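As they're listed, the protein sequences go chains F and B.
In terms of my numbering, the first sequence opens at residue -16 and continues consecutively.
In terms of my numbering, the second sequence opens at residue 3 and continues consecutively.
All residues carry an ideal CB built from backbone N, CA and C; glycine is no exception.
Note that the structure is a prediction, hence the values are computed from the model and not measured.
See structure below.
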Amino acid sequence: MRPIRARLAITVAGFGALLLVALVVAPVVGSTAISLPRVFDRSIPFADNLDAQIFFIARLPRVVAATLVGASLAAAGVVFQALLRNPLATPDTLGVSSGAALGAMLAITFHLDFKIAGLPAIPLASFAGSLFALAVVYALATGRRRGLSTTVLLLAGVTMTGFLSALTMFTQYLANFTDTFRTVRWLMGMLDVGSYQPIVTVLPMLVVSFAMFATLPRALDLISLGADAAAARGVNVPRAERMALVSASLATGAAVSISGPIAFVGLVVPHLVRLFVGSDHRLVLPASALFGAVFLIGCDLVARAAFAPIELPVGIITAVIGGPFFLWLLVRSSR
Amino acid sequence: MLRAIGVSFTYGRGRKARDPDVLNDVFLNVERGELVGILGPNGSGKTTLLKLLGGMYRPTNGSVTLDDRPVAEWSHREIARRIAFVPQETHAPFDFTVLDIVLMGRFPHLGAFALEGPEDLAIARRALTATGTAPFEGRAFSTLSGGEKQRVVIASALAQSTQLLLLDEPTASLDIGHQIEVQMLLRQLNADQGVTMLLSTHDLNLAAALCRRLVLLKDGHVLAAGPTEEVLTPAAVQSLYSVEADIARHPATGHLTVVPIRRG
Chain F
-16 MRPIRARLAI TVAGFGALLL VALVVAPVVG STAISLPRVF DRSIPFADNL
34 DAQIFFIARL PRVVAATLVG ASLAAAGVVF QALLRNPLAT PDTLGVSSGA
84 ALGAMLAITF HLDFKIAGLP AIPLASFAGS LFALAVVYAL ATGRRRGLST
134 TVLLLAGVTM TGFLSALTMF TQYLANFTDT FRTVRWLMGM LDVGSYQPIV
184 TVLPMLVVSF AMFATLPRAL DLISLGADAA AARGVNVPRA ERMALVSASL
234 ATGAAVSISG PIAFVGLVVP HLVRLFVGSD HRLVLPASAL FGAVFLIGCD
284 LVARAAFAPI ELPVGIITAV IGGPFFLWLL VRSSR
Chain B
3 MLRAIGVSFT YGRGRKARDP DVLNDVFLNV ERGELVGILG PNGSGKTTLL
53 KLLGGMYRPT NGSVTLDDRP VAEWSHREIA RRIAFVPQET HAPFDFTVLD
103 IVLMGRFPHL GAFALEGPED LAIARRALTA TGTAPFEGRA FSTLSGGEKQ
153 RVVIASALAQ STQLLLLDEP TASLDIGHQI EVQMLLRQLN ADQGVTMLLS
203 THDLNLAAAL CRRLVLLKDG HVLAAGPTEE VLTPAAVQSL YSVEADIARH
253 PATGHLTVVP IRRG
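Okay, here's the thing in structure tokens:
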């Protein structure tokens, strides 16, 4: 086996290159054909370069949204799995996405309009919702010292999702017709952000969560072997667990506030990545973030192209891929 | 070297009547190069005592010192550079390789963002060789047998390069083949590499064969402590487990051997 330094370099370079290709190719695909050389032709002024305008203004924001949402959900999935010592723990299966969705729904429906530290109400409410849901599941998991069995964890997630979805529907029931139309589409998981604005808004949250992720990988390796084992190797377990909890909730909250809940990214991506890089979280975490971005860009491409000119919500595509994948994992893990 | 001075411990905060002391005023002393065993029935506080000694829990009262300095003064990493702990069982939810697991022992020696270098790899490989697990360093940890897993986790603890190794019932879930394997390994590590060890066990015969000194623990109290020959008596087994036992020197091994006869 190559030393970790080399494996990390190969992993980041490989998945990074893949993302770069996706970032350039995805905006080219669409109902109007554009030419890449013309897009990057600096001799034509931007105001006259229709291809560049379509690329940068009409299509790239959506691709950038897919990049950030995909990276956040996949990285959060990795953190959840290690924290709860269970490969089936994800933002979706734990009800954390539903918590984020409920938070955002409340903010949208009741036109909450406040700012804390420059952050608007929707992403903040979304973060609060995901932190709440995760805290409940986590309290259940640590209440029993040996961690949760898959059965209990999944049942807790199903219950959490059901409970929070009911509250979401109740909120919707109270809303007026225009808001309902907006939120129904949003709840399906859409990436048509329209401009860079919604992305820029939550960027601070994403930067903080990814900076926190960067401190976690080795502690996550050890925590996945058990809290006592990790403490014996010198991990400050309570602090690492708090970091993991808050950073994963931040990332999920930010992602959901951009796009609505997009299911199964946090499940499919880490598992696929582990097939290539093994289980070391110093490789799995960055690789999942990069590949999560590629995965969601790809799914969104399918969502735009499959029934063109109709654009499907990308959440439908990820669910169609993720559902069977989850069942396969469940069958495999129960063997 | 390692000392528990009047250590008491309570899970929870001890405010309620149902939070009884798990340990009560325990004194214990392990000298450099020793191999000491802690014996006691289920629930007597063996595991808790080890975790207190390993700095993983803080005592409610009393203190734990290593080379006359209180362990509580050190950070988690500083403690882990001095004391390693092998839990009773280790379960990996992801497919870590054996080498992955052993390299995790280097955690307390690395900075927050540092990656293992060639020297760490060399230390890990030496630990693999010392425990006889080198042949399967590339295999997935989860595919190993119980005995192999235990040896790999011991290797991981050795890679921590500590002066002291604490083991919680190292042979509890193993068949006799793997039990003797782990027993030989511990004896050899203690004799050849001078690793100081403190282990808890249910297995009276393992303790008699391996440890020159024993601490008997019952209901969180130290019942007796001293050289194995003096401490391991029918009367001690009677009061620890309510079992009538015959204790004799085994002709082949020369160790004390405990044969339980009846409950009584």
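Mind checking who residue 198 of chain B pairs with in its DSSP beta bridge?
Residue mapping note: residue 198 of chain B aligns to position 196 of the second sequence, counting from 1. In the DSSP output, where bridge partners are listed per residue, residue 198 of chain B has B/166.
Report the residue from B/63, B/98, B/118 whose alpha carbon sits nearest the alpha carbon of residue -13 of chain F.
For this step, residue -13 of chain F is matched to residue 4 along the first sequence. Selected option, being the one with the closest Cα: B/118.
Run the CB neighbour count on residue 24 of chain B, radius 10 Å, all protein chains shown included, and call it buried at 16 or more, exposed below.
The residue you call residue 24 of chain B lines up with position 22 of the second sequence. By the neighbour-count rule (16 or more Cβ atoms within 10 Å), residue 24 of chain B is buried.
Checking 9 Å against the spacing of the C-beta atoms, do residue 236 of chain F and residue 137 of chain F come in under that value?
For the purposes of this step, residue 236 of chain F is taken as residue 253 along the first sequence, with counting starting at 1. For the purposes of this step, residue 137 of chain F is taken as residue 154 along the first sequence, with counting starting at 1. No, these two residues do not count as a Cβ contact at 9 Å.
On the DSSP letters alone, give me the boundaries of the beta strand (DSSP E) that residue 250 of chain B sits inside.
For the purposes of this step, residue 250 of chain B is taken as the residue at position 248 of the second sequence. Counting along the chain, the beta strand (DSSP E) containing residue 250 of chain B begins and ends at 245 to 251.
Among the candidates F/49, F/15, F/50, whose CA atom is the shortest distance from the CA of residue 34 of chain F?
For the purposes of this step, residue 34 of chain F is taken as the residue at position 51 of the first sequence. The residue with the shortest Cα to Cα distance from residue 34 of chain F is F/15.
If you reduce the DSSP assignment to three classes, tell me which class residue 113 of chain B lands in.
Position 111 of the second sequence, counting from 1, holds the residue named residue 113 of chain B. Residue 113 of chain B falls in the coil class under three-state DSSP.
Indicate the three-state DSSP secondary structure (helix, strand or coil) for residue 32 of chain B in the structure shown.
What you label residue 32 of chain B is simply residue 30 of the second sequence in a count that begins at 1. Reduced to three states, the DSSP call for residue 32 of chain B is strand.
As a quick exercise: from F/37, F/87, F/-4, F/290, pick the residue whose alpha carbon is nearest that of residue 162 of chain F.
To locate residue 162 of chain F, count along the first sequence from 1; it is residue 179. For residue 162 of chain F, the nearest C-alpha among the options comes from F/87.
Name the chain C residues whose beta carbon is nearer than 9 Å to that of residue 207 of chain F?
Absent from the structure is chain C; the protein chains it does hold are F and B.
I need the straight-line Cα distance from residue 298 of chain F to residue 282 of chain F, nearest angstrom please.
Counted from its first residue, the first sequence places residue 298 of chain F at position 315. Counted from its first residue, the first sequence places residue 282 of chain F at position 299. Computed Cα separation, rounded: 9 Å.
Output needed in chain order: residues of the region 46 to 68 of chain B with a Cβ under 8 Å from some Cβ in chain F.
Residues 53, 56, 58.
Please report how far the alpha carbon of residue 260 of chain F lies from the alpha carbon of residue 268 of chain F, in whole angstroms.
The residue you call residue 260 of chain F lines up with position 277 of the first sequence. The residue you call residue 268 of chain F lines up with position 285 of the first sequence. Distance between the alpha carbons of residue 260 of chain F and residue 268 of chain F is about 10 Å.
What residue ranges within the region 186 to 240 of chain F form continuous alpha helix (DSSP H) runs of no fewer than 4 residues, ordered along the chain?
200 to 206, 210 to 215
Check whether the Cβ atoms of residue 224 of chain B and residue 247 of chain B lie closer than 9 Å to each other.
Taking the first residue of the second sequence as position 1, residue 224 of chain B is located at position 222. Taking the first residue of the second sequence as position 1, residue 247 of chain B is located at position 245. No, Cβ-Cβ distance for residue 224 of chain B and residue 247 of chain B is not below 9 Å.
Using 10 angstroms around the beta-carbon of residue 76 of chain F, count the other beta-carbons present and answer buried if the total reaches 16, otherwise exposed.
Within the first sequence, residue 76 of chain F is the residue found at index 93, counting from 1. Looking at its Cβ environment, which holds 16 or more other Cβ atoms inside 10 Å, residue 76 of chain F is buried.
Could you spell out where the beta strand (DSSP E) holding residue 245 of chain F opens and where it closes?
Within the first sequence, residue 245 of chain F is the residue found at index 262, counting from 1. Boundaries for residue 245 of chain F: no beta strand (DSSP E) harbours it, and the DSSP string shows neither H nor E there.
Would you kindly work out how many angstroms separate the C-alpha atoms of residue 120 of chain B and residue 110 of chain B, rounded to a whole number?
Within the second sequence, numbered from 1, the residue matching residue 120 of chain B stands at position 118. Within the second sequence, numbered from 1, the residue matching residue 110 of chain B stands at position 108. When rounded, the distance between both Cα atoms is 16 Å.
Which chain F residues are close to residue 107 of chain B, counting only those with a beta carbon under 7 Å from its beta carbon?
The residue labelled residue 107 of chain B in the question sits at position 105 within the second sequence. Neighbours of residue 107 of chain B on chain F, chain order: 216.
For residue 56 of chain B, which option in B/32, B/212, B/103 has the closest C-alpha, if you only look at C-alpha atoms?
What you label residue 56 of chain B is simply residue 54 of the second sequence in a count that begins at 1. Distance from the Cα of residue 56 of chain B is smallest, within the candidate group B/32, B/212, B/103, for B/32.
Is it the case that the Cβ atoms of residue 104 of chain B and residue 5 of chain B are separated by a distance below 9 Å?
Taking the first residue of the second sequence as 1, we reach residue 104 of chain B at position 102. Taking the first residue of the second sequence as 1, we reach residue 5 of chain B at position 3. Result no, Cβ atoms of residue 104 of chain B and residue 5 of chain B do not sit closer than 9 Å.
Please classify residue 69 of chain F as buried or exposed, where buried requires at least 16 neighbouring CB atoms within 10 angstroms.
Here residue 69 of chain F refers to the residue found at position 86 of the first sequence. It is buried - the Cβ of residue 69 of chain F has at least 16 other Cβ atoms within 10 Å.
Label residue 22 of chain F either buried or exposed according to how many other C-beta atoms from any shown protein chain fall within 10 Å of its C-beta, with 16 as the threshold for buried.
Indexing the first sequence from 1 puts residue 22 of chain F at position 39. The residue in question, residue 22 of chain F, is buried, as its Cβ has 16 or more Cβ neighbours within 10 Å.
Listing by chain order, which chain B residues have their CB less than 9 Å from the CB of residue -9 of chain F?
Position 8 of the first sequence, counted from the first residue, corresponds to residue -9 of chain F. Neighbours of residue -9 of chain F on chain B, chain order: 117.
Check each residue of the region 229 to 262 of chain F: if its Cβ is closer than 9 Å to any Cβ of chain B, include it; give the result in chain order.
If the cut-off is 9 Å between Cβ atoms, the region 229 to 262 of chain F has 257, 261, 262 near chain B.
By how many angstroms is the C-alpha of residue 143 of chain F removed from the C-alpha of residue 74 of chain F?
Counted from its first residue, the first sequence places residue 74 of chain F at position 91. Counted from its first residue, the first sequence places residue 143 of chain F at position 160. If you take the alpha carbons of residue 74 of chain F and residue 143 of chain F, they lie about 11 Å apart.
So residue 315 of chain F and residue 13 of chain F are in contact, right, with Cβ under 8 Å, and what is the actual spacing, rounded?
Looking up residue 315 of chain F in the first sequence gives position 332. Looking up residue 13 of chain F in the first sequence gives position 30. With 8 Å as the limit, residue 315 of chain F and residue 13 of chain F do not qualify as a contact, their Cβ atoms being about 38 Å apart.
Measure how close the beta-carbons of residue 190 of chain B and residue 211 of chain B come, nearest whole angstrom, since I'm counting them as under 8 Å.
Here residue 190 of chain B is taken as the residue at index 188 of the second sequence, counted from 1. Here residue 211 of chain B is taken as the residue at index 209 of the second sequence, counted from 1. About 13 Å separates the two Cβ atoms, so there is no contact after all.
Comparing C-alpha positions only, which one of B/249, B/90, B/44, B/37 sits nearest to residue 53 of chain B?
Against the second sequence, residue 53 of chain B aligns to sequence position 51. Residue B/90 holds the alpha-carbon nearest to the alpha-carbon of residue 53 of chain B among B/249, B/90, B/44, B/37.
Can you grab the Cα-Cα spacing for the pair residue 313 of chain F / residue 134 of chain F, in whole Å?
Taking the first residue of the first sequence as position 1, residue 313 of chain F is located at position 330. Taking the first residue of the first sequence as position 1, residue 134 of chain F is located at position 151. Those two C-alpha atoms are separated by around 10 Å.
What did DSSP end up calling residue 314 of chain B once you bin it into helix, strand or coil?
Since the displayed chain B opens at 3 and closes at 266, residue 314 of chain B lies outside it and no answer follows.
Near residue 150 of chain F, which residues of its chain fall below 7 Å by C-beta distance, leaving aside the five closest residues on each side in sequence?
Position 167 of the first sequence holds residue 150 of chain F. Excluding the 5 residues flanking it on each side, residue 150 of chain F has same chain C-beta neighbours closer than 7 Å at 85, in chain order.
Spatial neighbours of residue 122 of chain B within its chain, please: CB distance less than 6 Å, with the 5 preceding and 5 following residues excluded, ordered by chain position.
As a position in the second sequence, residue 122 of chain B is number 120, starting the count at 1. Excluding residues within five positions, the ones whose Cβ falls inside 6 Å are 108.
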